[in-house]
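Student: Per the numbering used here, the sequence shown starts with residue 11, numbered consecutively. Every residue, glycine too, gets a C-beta built ideally from N, C-alpha and C. Computed from a predicted model, the values in this text were never measured in an experiment.
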Amino acid sequence: MEMSAQNSGDCRTAIPVCADMPILSATDGSGDIDDFDPDVITQTGCLEKGSVASANIENNTSWYVFRAGTDGQIGFDIEALPVTPGGIVTSEIDFALYGPFDQTLGSNFCTTIGNGSDIPIRCNYEINDTGFTGIGVNPISGQVGAPFVRASQNTYDEWLDVQQGEIYYLFINNFNTNFNGDPEPFSLTFTGSSVDADQNTALDCTLRDEFLGLDIIACEGDPDIVLSALNSPAGPNIANITWEVDLEDDGVYDQVLATGAGATELTVTSPNSGRYRVTIETTFATIITDDILITFFGVPVLDEVRVLDDLVNSDQTDPYNIEISVLGNGNYEYAINGGEFQDDPVFLDVPPGVNTVVINDVNGCGTTEPIEFLVVGYPKFFTPNGDGIHDNWNVLGVETLTNPSIFIFDRYGKFLKQLDINSLGWDGTFNGRPLPSSDYWFRLDYERDDEGVLVARSVRRHFSLIR
Numbered sequence: 011m012e013m014s015a016q017n018s019g020d021c022r023t024a025i026p027v028c029a030d031m032p033i034l035s036a037t038d039g040s041g042d043i044d045d046f047d048p049d050v051i052t053q054t055g056c057l058e059k060g061s062v063a064s065a066n067i068e069n070n071t072s073w074y075v076f077r078a079g080t081d082g083q084i085g086f087d088i089e090a091l092p093v094t095p096g097g098i099v100t101s102e103i104d105f106a107l108y109g110p111f112d113q114t115l116g117s118n119f120c121t122t123i124g125n126g127s128d129i130p131i132r133c134n135y136e137i138n139d140t141g142f143t144g145i146g147v148n149p150i151s152g153q154v155g156a157p158f159v160r161a162s163q164n165t166y167d168e169w170l171d172v173q174q175g176e177i178y179y180l181f182i183n184n185f186n187t188n189f190n191g192d193p194e195p196f197s198l199t200f201t202g203s204s205v206d207a208d209q210n211t212a213l214d215c216t217l218r219d220e221f222l223g224l225d226i227i228a229c230e231g232d233p234d235i236v237l238s239a240l241n242s243p244a245g246p247n248i249a250n251i252t253w254e255v256d257l258e259d260d261g262v263y264d265q266v267l268a269t270g271a272g273a274t275e276l277t278v279t280s281p282n283s284g285r286y287r288v289t290i291e292t293t294f295a296t297i298i299t300d301d302i303l304i305t306f307f308g309v310p311v312l313d314e315v316r317v318l319d320d321l322v323n324s325d326q327t328d329p330y331n332i333e334i335s336v337l338g339n340g341n342y343e344y345a346i347n348g349g350e351f352q353d354d355p356v357f358l359d360v361p362p363g364v365n366t367v368v369i370n371d372v373n374g375c376g377t378t379e380p381i382e383f384l385v386v387g388y389p390k391f392f393t394p395n396g397d398g399i400h401d402n403w404n405v406l407g408v409e410t411l412t413n414p415s416i417f418i419f420d421r422y423g424k425f426l427k428q429l430d431i432n433s434l435g436w437d438g439t440f441n442g443r444p445l446p447s448s449d450y451w452f453r454l455d456y457e458r459d460d461e462g463v464l465v466a467r468s469v470r471r472h473f474s475l476i477r
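1. Starting from the Cα of Phe307, find the closest Cα among Val408, Ile33, Gly231 and give me that residue.
2. Which two residues bound the contiguous alpha helix (DSSP H) that contains Phe119?
3. Return the CA-CA distance between Asn341 and Asn373, expressed in angstroms with no decimal places.
4. Identify whether Asp206 lies in helix, strand or coil by the three-state DSSP scheme.
5. I'd like to check one pair, Leu257 with Ala268: are the Cβ atoms closer than 8 Å?
6. Assign Val426 to one of three DSSP states: helix, strand, or coil.
7. Kindly indicate which residue of Lys427, Phe419, Pro444, Asp437 has the alpha-carbon position closest to the one of Arg470.
8. So what does DSSP say about Glu102, is it helix, strand or coil?
9. Assuming Asn365 and Phe351 form a contact by the criterion Cβ under 8 Å, report the distance between their Cβ atoms to the nearest whole angstrom.
10. Identify, in the order they occur along the chain, each residue of the same chain with its Cβ nearer than 6 Å to the Cβ of Glu382, setting aside the five sequence neighbours on each side.
11. How would you label Met11, buried or exposed, when you count the other beta carbons within 10 angstroms and need 16 or more for buried?
12. Please report the Cβ distance between Thr37 and Glu254, rounded to the nearest whole angstrom; I am assuming they are in contact, meaning their Cβ atoms lie under 8 Å.
13. What's the gap between the Cα of Val311 and the Cα of Asp171?
14. In three-state terms, what does DSSP make of Asp449?
15. For a quick check, are the C-beta atoms of Phe158 and Asn183 less than 8 Å apart?
16. Confirm the yes/no value for this check: CB of Tyr456, any heavy atom of the ligand FAD, distance under 7 Å.
17. Quick one: what does DSSP say Met11 is sitting in, helix, strand or coil?
18. Could you compute how far the alpha carbon of Glu379 sits from the alpha carbon of Val368?
19. Short of 6 Å in beta carbon distance, which residues of its chain neighbour Asp139, apart from the five on each side in sequence? Order them along the chain.
20. Buried or exposed: where does Ile399 fall if 16 or more other Cβ atoms within 10 Å of its Cβ makes it buried?
21. Here's a check: name, in chain order, each residue in its chain whose Cβ is nearer than 6 Å to the Cβ of Ser447, leaving out the five neighbours to either side.
22. Can you have a look at Ile297 and say buried or exposed, based on whether 16 or more other CB atoms are within 10 angstroms of its CB?
23. Using three-state DSSP, classify Thr71 as helix, strand or coil.
24. Identify the residues that DSSP records as bridge partners of Gly400: which are they?
25. Under 8 Å, with one C-beta from each stretch per pair, do the stretch 19 to 33 and the stretch 192 to 210 reach the 3-pair mark?
26. Based on the DSSP secondary-structure assignment, which residues constitute the bridge partners of Gly155?
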């Protein structure tokens, strides 16, 4: 039994497929969007730009997605077919396979594929003398798949070992330029020991029920997303179609967007996030439905840097800890003071004074400029030697406090200096004489708002003078 599949040139709406039958489709012109940035990526894995200099790498493409149903060995055959029965094969099919991906992570796999963060685990663009390319063994020549080597003339890559639940994206590309958009057909057939054992379980056929594709994470300003009802098991046997949207993804569909037998496609524009549902009434009086969650994220926006512990917010000894809060519900990572990014928004042992934070959306929707924030604290030492570095000591961020005063003492309790909000700091002298290297103490007095009442507070710590 053969299955005709609607082509999708957009990774975001890759067509879910299964191993229980050959799949017939066609490359029919450029993709819906540039999944690979043509100004940045001219090669992905072994694939290169098309045969015309102006063609980007995504020339005449089809995207598919499949999920491993069992652990085992998977391969596939892609056969270029003649445009008409008995005609000449004009296409030159290449492919790239990406994965494995974990669907539970909710990541934007197509963004990481398109920006080069994920590279193909299998790919081939050798000349297909037999009309076949794929993974495993060429069914015509018996050529055994091997790691890709340029000019090897081996059109097959080595078998793929999969684990149940893994997601893979298959990118099929017609290297020959076809700017007239005429479809050039091919067939896709899955192979391997898992398929030989049970083609109904080798790949998870329930994924085909999600014919609108996997949930989509997109960025504000991205090109339109086109959903197709023609990828459903009903195929062309459609009596009526209804598209709806649940804007809050709360189980309540707020609006009917389109209806009618001709409403085979729905275009979703940025930034209209929501769960989109299609209901198809077939000519056989059956009902088929599917839904897809589309979420648009923008550039991260800082809500606040919440100081968990600093000199005035903790009874501990100098635990400068902060937590970064971001507006929105994207997937973010954080870096402070030019350091490495981390997923945890809590940072421990943050330096006192002015710091910077950078927030990055891991789905590729943007990165903030460095944003300054202040942590009230003090340096553990200073070196008043006239070199312009750590020559003065002061409590950093004191200007953010109410009526602050700082009193400095030696280790025996002798009062040495008082600092206020306008002071440049202590230079390590007493009555004009330099004091020796030693530990010194300070007391910070200030007022704090406690439910509308200013309450006097006091903090005592020590620091070192080093000469």
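Tutor: So, from the data block:
1. Position 297 of the sequence shown, counted from the start, is the residue given in the question as residue 307. The shortest Cα separation from Phe307 among Val408, Ile33, Gly231 belongs to Gly231.
2. Residue 119 sits at position 109 when you count from the first residue of the sequence shown. Taken as a continuous stretch (DSSP letters only), the alpha helix (DSSP H) holding Phe119 covers 119 to 124.
3. Reading the sequence shown from its first residue, position 331 is the one you call residue 341. Reading the sequence shown from its first residue, position 363 is the one you call residue 373. So the alpha carbons of these two residues sit roughly 7 Å apart.
4. On the sequence shown, position 196 is the one that residue 206 refers to. Note: Asp206 maps to helix in three-state DSSP.
5. The residue you call residue 268 lines up with position 258 of the sequence shown. The residue you call residue 257 lines up with position 247 of the sequence shown. Not in contact: Ala268 and Leu257 (Cβ atoms no closer than 8 Å).
6. For the purposes of this step, residue 426 is identified with residue 416 of the sequence shown, where counting begins at 1. It should be noted that the sequence gives Leu, not Val, for residue 426. DSSP places Leu426 in strand when its eight states are reduced to three.
7. Along the sequence shown, one-based indexing puts residue 470 at 460. Considering only alpha carbons, the answer is Phe419.
8. As a first step, residue 102 must be located in the sequence shown, where it is residue number 92. Three-state result, Glu102: coil.
9. Numbered from its first residue, the sequence shown carries residue 365 at position 355. Numbered from its first residue, the sequence shown carries residue 351 at position 341. Asn365 to Phe351, Cβ: 15 Å. No contact.
10. Working through the sequence shown from its first residue, we reach residue 382 at position 372. Taken in chain order, the residues that qualify are Val364, Thr366.
11. Locating residue 11 in the sequence shown gives position 1, counting from the first residue. Summary for Met11: the model assigns pLDDT 41, below 50, so the residue's position carries little reliability; its value from the coordinates is reported in the next sentence. Exposed, by the Cβ-count rule.
12. Start at 1 with the first residue of the sequence shown, and residue 37 comes out as number 27. Start at 1 with the first residue of the sequence shown, and residue 254 comes out as number 244. About 32 Å separates the two Cβ atoms, so there is no contact after all.
13. Taking the sequence shown and counting its residues from 1, one reaches residue 311 at position 301. Taking the sequence shown and counting its residues from 1, one reaches residue 171 at position 161. Rounded to the nearest angstrom, the two C-alpha atoms are 42 Å apart.
14. As a first step, residue 449 is located in the sequence shown; it is residue number 439 there, counting from the start. Residue state, collapsed to three classes: strand.
15. As a first step, residue 158 is located in the sequence shown; it is residue number 148 there, counting from the start. As a first step, residue 183 is located in the sequence shown; it is residue number 173 there, counting from the start. Not closer than 8 Å, so no.
16. This structure lacks the ligand FAD; in fact it carries no ligand of any kind.
17. Sequence index remark: in the sequence shown, residue 11 carries index 1 (1-based). For Met11, the predicted structure reports a pLDDT of 41, less than 50, and the residue's modelled location is therefore unreliable. A value from the coordinates is still provided. The answer is coil: DSSP assigns Met11 none of H, G, I, E or B.
18. Position 369 of the sequence shown, counted from the start, is the residue given in the question as residue 379. Position 358 of the sequence shown, counted from the start, is the residue given in the question as residue 368. Approximately 6 Å, taken between the alpha carbons.
19. Numbered from its first residue, the sequence shown carries residue 139 at position 129. None.
20. Counting from 1 along the sequence shown, the entry for residue 399 is found at position 389. So Ile399 ends up on the exposed side.
21. Here residue 447 is taken as the residue at index 437 of the sequence shown, counted from 1. Answer for Ser447: Leu475, Ile476, Arg477, listed in chain order.
22. As a position in the sequence shown, residue 297 is number 287, starting the count at 1. Burial call: exposed.
23. Sequence index remark: in the sequence shown, residue 71 carries index 61 (1-based). Of the three classes helix, strand and coil, the one that applies to Thr71 here is strand, per DSSP.
24. Along the sequence shown, read from residue 1 onward, the residue named residue 400 stands at position 390. The residue you asked about is not Gly; residue 400 is His in the sequence shown. His400 pairs with nothing; no bridge assigned.
25. yes
26. The residue labelled residue 155 in the question sits at position 145 within the sequence shown. Its beta-bridge partners do not exist; DSSP assigns none.
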